[in-house]
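These notes are about the structure you will find just below.
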Amino acid sequence: MKILKGKNLTKTYGEKKLFNSINFVINEHDRVGLIGTNGSGKTNLLNAVSNLDPADSGTIETPNDYRIAYLKQSEEISQFETVREFIYSGDQHVFQVIKHYEEILEQYTNNPTSSTLFEKFTKLENEMNQLDAWNTESNIKTILTQLHVDMLDESIHHLSGGQVKRIALAQALLEPADLLILDEPTNHLDFDSIEWLEKYLADYKGALLLVTHDRYFLDRVTNRIWELSYGDLFEYVGNYEKYVEQKAVRDEQNEASKQKEYKLYKQELEWMKRGPKARGTKQQARINHFEKLDQAVHAPKEVDQDLEIGLTQQRLGKKVIEINDLDLEVGDHQIMKDFSKLIQAGDRIGITGANGAGKSSFLNAIAGVLPIQGGKIEIGETVKIGYYTQKIEPIPEDKRVINYLKEVGQEVINKDGEKISVTSLLEQFLFPSFLHGSLIKKLSGGEKRRLFLIKILMEQPNVLLLDEPTNDLDIATLTVLESYLKTFKGTVLTVSHDRYFLDKVSDQLLIFDGNAKVEKYTGSISDYLKQNVVQSSKIKSTPKSVEQVEAPKKKKRTYSEEKEWQTIETEIEKLEQKSTSVEEQMNECAADYGKLAELQKELNEISDQLEEKMARWEYLESFEE
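Numbering of the sequence shown is given in the numbering used here, commencing with residue 3 and proceeding in unit increments.
Below, the structure is given as structure tokens:
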């Protein structure tokens, strides 16, 4: 069994101790989710485990042949490479053979009379057979298809940030590894890709260590949770749901222990005030014990994330936002055409859909920072907008945290009419007291985003525009924000791909398809996705209708792919017949709950197989005949 051990790891950033002599073990089949507030050192810990940026002290112990694949949050990839060159840049021999085979195949296809190329092609085909490279190649192409990476010959410097993230994820998944480390893998993925990734990781043979804000993803992928908090690492067995339960128990125990600790501290404080002299061993030991108590009592406290933070806001009138026949374009891209929507007080609208479809541009148009090309956006007279953008306003780095917020005000008023000081608000949003006087330049990127959010909420808006808050905010902060929105009486429009967050903060959806069409849906994102799965299965009853927009035709299939193409439609038909048969059986035994459960499990398995086959059919169909 291959095991990774971390022993006494310590890392300091500036004056902050990120982790202090922490110890851990990652076993062969562990699925570890690492959580903690922004600035707690999560990425630093990943870097230490991967040896990309070792800890200040302590060791990482692994077997000599232990392999680690690492998807970093922001990848630095050579801009002069093509996607294909990057994907096949692994040091595995089979990668090089596949790459060489595809190059020769293309040359031979273009020049079929060349005897030299025919010899090379035959030699490489034999080598592909010997290495069983056809399965590797098929796996590569399945991963690329599922992550919507279809620009293999495109130069990387032509790609968007989201596309670069997806090809980096593809390469990390393809790299043979004993431990796969993923830092925010779901960023820039659509719902279908996230669902596929969940299933892929469930069958992953090595160990997994990941950081993500997506709590549904954590629930479905992990079997252990690590929490990094004020330099300590706490371990929990189970997924995110189990972590929440165990954390509540630990918090109760900690509170009881703190009460006892504080009582003892008060007793010892009285003794210290009498000025004991450290002459005897016992007295010195008692003084030392008091000093430890003092440190424990005044140590940073974990904030209750379920705390309700209800701030007042200006009352909204009947008219909030009225959109009529909106035409919106960015450059040559049409985002909306003849779109109308009445947005009322108390509405909770989630905005989601394809990457690059114009969701952020829509919020910008509402906020008045992006011109519209037709129609009207009318904002009510009583509306006060608070806009959490993806790009925050310039924050003066030489200012202190508390002074930055005091520019808005010394205090705010909650829904009960009580005054809340800036310091109290900072603590509620997970800034411990020792950070209040820190210079902003010493904060992490995520902590700056959290500070920006507090400033917006302090201005007490009655309409909130939130643009991808889950990309930059940690789970703890998102929990606090969800709690705030629960009591918020104004209107909220949220752009997000985070299913858990959308379920919490929205009951209406606007789904952008990227082709100037916006679907309106009343209900949660989970309900919408379930409905979509049902509709998709009906659409996929014949393979011809899988792809609504015809994909660009590519070069010819390989020999292995051609054989697969000859049989795949028959296989799809059989699976569909099997699915129909199981559904009929379920109708016949509707009262037998035990039998129903078995049949439902079988139906789910068939559905997964069918989905996989359809994805392969889609890929194979895209080649020229």
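A virtual CB, placed ideally from N, CA and C, is assigned to each residue, including glycine.
Because the structure is a prediction, the values reported are computed rather than measured.
Leu203 versus Val223 - alpha carbon distance:
Approximately 7 Å, taken between the alpha carbons.
Could you spell out the range, first to last residue, of the alpha helix (DSSP H) harbouring Val403?
From DSSP, the alpha helix (DSSP H) with Val403 extends over 403-408.
Should Glu409 be labelled buried (16 or more other beta-carbon atoms within 10 Å of its own) or exposed?
Answer is exposed; the Cβ neighbour count stays below 16.
Uninterrupted beta strand (DSSP E) stretches inside the segment 50-85 (no shorter than 3 residues):
Counting only runs of 3 or more, we get 59-63, 70-73.
Following a CB-centred definition, is Arg217 positioned closer than 7 Å to any heavy atom of the ligand NAD?
Among the ligands in the structure shown, none appear at all, so the ligand NAD cannot be discussed.
At what residue ranges does the segment 453-505 contain a whole run of the alpha helix (DSSP H), taking only runs of 4 or more?
Positions of the alpha helix (DSSP H) runs, each at least 4 residues long and wholly inside the segment 453-505, are given as 477-489 in order along the chain.
How long is the line joining the alpha carbons of Thr188 and Glu254, rounded to whole angstroms?
Using only the alpha carbons, I get a separation of about 33 Å.
Given a cut-off of 8 Å, decide if Tyr502 and Leu511 are closer than it, judged by their beta-carbon atoms.
Going by C-beta atoms, Leu511 is not nearer than 8 Å to Tyr502.
Leu468 beta carbon less than 8 Å from that of Val2:
Residue 2 lies beyond the stretch modelled for the chain, which goes from 3 to 627, so this question has no answer here.
So is Thr572 buried or exposed if we call it buried at 16+ other beta carbons inside 10 Å?
So Thr572 ends up on the exposed side.
Contact defined as beta carbons within less than 8 Å: I believe Ala21 pairs with Leu230. What is the distance between those atoms, to the nearest angstrom?
For the sequence presented, residue 21 should be read as Phe rather than Ala. Their Cβ separation, rounded to whole angstroms, is 7 Å, which keeps Phe21 and Leu230 in contact under 8 Å.
Nearest neighbour of Ile570, chosen from Ser508, Leu612, Leu605 [CA to CA]
Comparing Cα-Cα distances from Ile570 to each of Ser508, Leu612, Leu605, the minimum goes to Leu612.
Considering only the alpha carbon of each residue, which of Gly8, Asn25, Leu220 lies closest to Asn53?
The shortest CA-to-CA distance from Asn53 to any of Gly8, Asn25, Leu220 is the one to Gly8.
Coarse secondary structure for Ala359, derived from DSSP in three states:
It is coil, neither helix nor strand.
Tell me which same chain residues have a C-beta within less than 8 Å of the C-beta of Leu605, skipping the five on either side of it?
Taken in chain order, the residues that qualify are Ser581, Val584, Glu585, Met588.
When you compare only the Cα positions, how much space is there between Leu154 and Thr115?
Computed Cα separation, rounded: 27 Å.
Does the distance from the CB of Leu407 to the CB of Ile456 come in under 8 Å?
It is a contact, given that the beta carbons lie within the stated cut-off.
Select from Ile142, Asn464, Gly376 the residue whose C-alpha is nearest the C-alpha of Glu383.
Closest in C-alpha terms to Glu383, from the list Ile142, Asn464, Gly376, comes Asn464.
Beta-carbon separation of Ile353 and Phe364 under 8 Å?
A contact, by the Cβ cut-off of 8 Å.
If I follow the unbroken alpha helix (DSSP H) through Met3, where does it start and stop?
Element bounds for Met3: n/a, residue is neither H nor E.
Going by CA-CA distance only, name the one from Gly43, Leu48, Ile24, Ser42 that's closest to Val34.
Of the candidates Gly43, Leu48, Ile24, Ser42, the one whose C-alpha sits nearest the C-alpha of Val34 is Leu48.
Three Cβ pairs or more, each shorter than 8 Å: is that satisfied between the segment 170-183 and the segment 61-79?
At 8 Å Cβ cutoff, the stretches touch.
Using DSSP with H/G/I as helix, E/B as strand and the rest coil, what is Ile513?
DSSP places Ile513 in strand when its eight states are reduced to three.
Given a cut-off of 8 Å, decide if His335 and Gly1 are closer than it, judged by their beta-carbon atoms.
Any answer about residue 1 is impossible in this case: the structure gives the chain only from 3 up to 627.
To which residues does DSSP link Gln2 through a beta bridge?
Beyond the ends of the chain as shown, which are 3 and 627, falls residue 2; an answer cannot be given.
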